[in-house]
Amino acid sequence: MGNRIGVVLALAALLGGCSRPEPRPAPVASQPTSVSPSTAPASVGPPTPTPTPGERLPGFVVLTDLDPRIHADIRYATPHNFVGRPIAGYPEPLCLLTRQAAEALRRVQDAALAGGHSLKVYDCYRPQPAVDDFVAWSKRPGEQQTKAEFYPDVAKNRLFADGYIGAPTAHSRGSTLDLTLVDEPAASQPPYRVGQPLVACTAPRGQRFADNSIDMGTGFDCFDSRAHTADPRITGTARDNRRLLQRLMTDAGFVNYDREWWHYSLRDEPYPDTFFAAPVARSSIG
18 MGNRIGVVLA
28 LAALLGGCSR
38 PEPRPAPVAS
48 QPTSVSPSTA
58 PASVGPPTPT
68 PTPGERLPGF
78 VVLTDLDPRI
88 HADIRYATPH
98 NFVGRPIAGY
108 PEPLCLLTRQ
118 AAEALRRVQD
128 AALAGGHSLK
138 VYDCYRPQPA
148 VDDFVAWSKR
158 PGEQQTKAEF
168 YPDVAKNRLF
178 ADGYIGAPTA
188 HSRGSTLDLT
198 LVDEPAASQP
208 PYRVGQPLVA
218 CTAPRGQRFA
228 DNSIDMGTGF
238 DCFDSRAHTA
248 DPRITGTARD
258 NRRLLQRLMT
268 DAGFVNYDRE
278 WWHYSLRDEP
288 YPDTFFAAPV
298 ARSSIG
């Protein structure tokens with residue numbers, strides 16, 4: 018654990034001491050239902066000791082086992098992400114969540130289907146080794162193969178400081194996920210090919226990667242202020258779609274991180290102070 022804290026502290030020094038972890042939902046009495054930049058959830062503190070990678074995840078489930086109607090596109094198990102390769106800790110492309118978060122998400126799916134949509138998850142539980150991988154990557158300035166798509170207008174050394182990547186991350190507690198909505202039945206999605214020309218995630222929907230998500234104004238993991246949930250430059254259909262996702266998730270007890278339209282945490286999460294390390298694999302479920 019001491020080595021992990023040392024890595025994070027080193028990163029903080031590298032970024033001028035202003036790196037910041039992702040937020041934790043505030044208590045029910047003080048948490049707004051619509052998160053804005055002036056009412057962002059409080060930040061988490063340093064992580065508590067975590068299990069070793071070989072340990073199991075107590076009370077976790079595979080989301081698509083619980084609800085096979087939900088689509089999964091687990092980007093960190095593939096090369097189509099901001100690093101440009103599969104991330105440490107993702108041997109299987111699965112969405113693992115605490116049972117409480119998964120049950121709440123099943124209620125969201127029921128409501129989404131009633132409106133002709135379905136959920137699609139991009140990332141769920143994220144093991145601590147994956148976060149360490151992100152930290153190590155951030156300290157290698159020459160590795161920017163995917164900048165043109167994921168952070169075209171942000172310097173790589175600002176990604177932590179500007180809150181686009183968190184260390185530690187709420188994802189490691191098992192009740193946070195990244196997701197979108199797709200029309201139902203869902204359209205097919207062209208596969209990502211390593212080496213294909215990259216287009217900025219802020220480009221119009223018809224130009225950026227052909228994700229089968231409904232239009233949310235930017236692509237997933239778009240490190241740009243236009244990905245902020247309530248960014249005023251996002252108007253029309255894309256704004257309405259973000260509001261729809263936020264309403265569906267809020268009604269089921271989730272809280273949005275206002276800098277990422279895709280990022281939600283279960284307010285009453287069962288492990289608010291535990292950051293797990295077991296890999297994303299079926300064998301990790303306890």
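Per the numbering used here, the sequence shown starts with residue 18, numbered consecutively. All residues carry an ideal CB built from backbone N, CA and C; glycine is no exception. Predicted, not measured: the structure shown is a model, and the values here were computed from it.
I need the DSSP call for G303, collapsed to helix, strand or coil. Here residue 303 refers to the residue found at position 286 of the sequence shown. Three-state result, G303: coil.
To which residues of the same chain is V25 closer than 7 Å at the C-beta, ignoring the five residues directly before and after it? Looking up residue 25 in the sequence shown gives position 8. For V25, the predicted model reports a pLDDT of 38, less than 50, meaning its position is unreliable and no value from the coordinates is stated.
Would you check if the segment 188–199 and the segment 132–149 touch, i.e. whether three or more CB-CB distances between them fall below 8 Å? Yes: the two stretches touch, three or more of their Cβ pairs being nearer than 8 Å.
What number of angstroms, rounded off, separates the C-alpha of Y168 from the C-alpha of D285? As a first step, residue 168 is located in the sequence shown; it is residue number 151 there, counting from the start. As a first step, residue 285 is located in the sequence shown; it is residue number 268 there, counting from the start. Rounded to the nearest angstrom, the two C-alpha atoms are 32 Å apart.
Would you mind reading off the limits of the alpha helix (DSSP H) that contains N258? As a first step, residue 258 must be located in the sequence shown, where it is residue number 241. Taken as a continuous stretch (DSSP letters only), the alpha helix (DSSP H) holding N258 covers 253–268.
When the Cα atoms are used, what is the spatial distance from A128 to R157? Here residue 128 is taken as the residue at index 111 of the sequence shown, counted from 1. Here residue 157 is taken as the residue at index 140 of the sequence shown, counted from 1. Answer to the nearest angstrom: the Cα atoms are 43 Å apart.
How big is the Cα-Cα spacing for G303 and L130? Numbered from its first residue, the sequence shown carries residue 303 at position 286. Numbered from its first residue, the sequence shown carries residue 130 at position 113. Roughly 30 Å separates the two Cα atoms.
Just curious, the alpha helix (DSSP H) that K164 is in, first and last residue? Here residue 164 refers to the residue found at position 147 of the sequence shown. Segment 164–167, the alpha helix (DSSP H) holding K164.
A121 and V78 look like a contact to me (Cβ under 8 Å); what is the Cβ gap, rounded to whole Å? Reading the sequence shown from its first residue, position 104 is the one you call residue 121. Reading the sequence shown from its first residue, position 61 is the one you call residue 78. No, A121 and V78 are not in contact; Cβ-Cβ is about 12 Å, not under 8 Å.
Does D268 pass the burial test, meaning 16 or more other C-beta atoms within 10 Å, or should it be called exposed? The residue you call residue 268 lines up with position 251 of the sequence shown. D268 counts as exposed, since fewer than 16 other beta carbons sit within 10 angstroms of its beta carbon.
Reduced DSSP category for Y288 - H, G, I as helix; E, B as strand; rest coil: For the purposes of this step, residue 288 is taken as residue 271 along the sequence shown, with counting starting at 1. It is coil, neither helix nor strand.
Short of 6 Å in beta carbon distance, which residues of its chain neighbour T163, apart from the five on each side in sequence? Order them along the chain. Position 146 of the sequence shown, counted from the start, is the residue given in the question as residue 163. Within the same chain, T163 has close Cβ partners F99, G101.
Quick check: the Cα distance between P96 and Y107, rounded to an integer number of angstroms? As a working mapping, residue 96 is identified with position 79 in the sequence shown. As a working mapping, residue 107 is identified with position 90 in the sequence shown. Their Cα atoms are separated by approximately 11 Å.
By DSSP's criteria, Y281 is part of a beta bridge. Which residues make up the other side? What you label residue 281 is simply residue 264 of the sequence shown in a count that begins at 1. Answer is L194, N273, bridged to Y281.
In angstroms with no decimal places, state the Cα-to-Cα distance between L242 and R276. To locate residue 242, count along the sequence shown from 1; it is residue 225. To locate residue 276, count along the sequence shown from 1; it is residue 259. It should be pointed out that residue 242 corresponds to Ser in this sequence rather than to Leu. Going by the C-alpha atoms only, they are around 7 Å apart.
Contact check, F292 vs S189, beta carbons under 8 Å: Counting from 1 along the sequence shown, the entry for residue 292 is found at position 275. Counting from 1 along the sequence shown, the entry for residue 189 is found at position 172. Contact flag set, yes.
Answer with buried or exposed for T235, where buried requires no fewer than 16 other C-beta atoms within 10 angstroms of its C-beta. In the sequence shown, the residue the question calls residue 235 occupies position 218. The residue is buried, with at least 16 neighbouring Cβ atoms inside 10 Å.
Thinking E72 and A295 are a contact (beta carbons under 8 Å), I'd like their distance in whole angstroms, please. Within the sequence shown, residue 72 is the residue found at index 55, counting from 1. Within the sequence shown, residue 295 is the residue found at index 278, counting from 1. Between A295 and E72 the Cβ distance is about 5 Å, and since that is below 8 Å, they are a contact.
If I measure Cβ to Cβ from A94 and keep anything under 6 Å in the same chain, skipping five residues before and after, which residues do I get? For this step, residue 94 is matched to residue 77 along the sequence shown. Scanning its chain for C-beta atoms nearer than 6 Å, with the 5 sequence neighbours on each side dropped, one finds around A94 the residues P103, Y107, P110, in chain order.
Let me know if R86 comes out buried or exposed under the rule of 16 or more other beta-carbons within 10 Å of its beta-carbon. What you label residue 86 is simply residue 69 of the sequence shown in a count that begins at 1. Under this definition R86 is an exposed residue.
Unbroken alpha helix (DSSP H) run spanning V216, endpoints: Along the sequence shown, one-based indexing puts residue 216 at 199. Segment: none, V216 is in no alpha helix (DSSP H) and carries neither H nor E.
Look at A187 and S301 and say whether their C-beta atoms are less than 8 Å apart. Here residue 187 refers to the residue found at position 170 when the sequence shown is read from its first residue. Here residue 301 refers to the residue found at position 284 when the sequence shown is read from its first residue. No; because the gap between Cβ atoms is not below 8 Å, this pair is not in contact.
Anyone know if the C-beta pair for L83 and R124 falls short of 8 Å? Locating residue 83 in the sequence shown gives position 66, where the first residue counts as 1. Locating residue 124 in the sequence shown gives position 107, where the first residue counts as 1. In this structure, R124 does not lie closer than 8 Å to L83 by Cβ.
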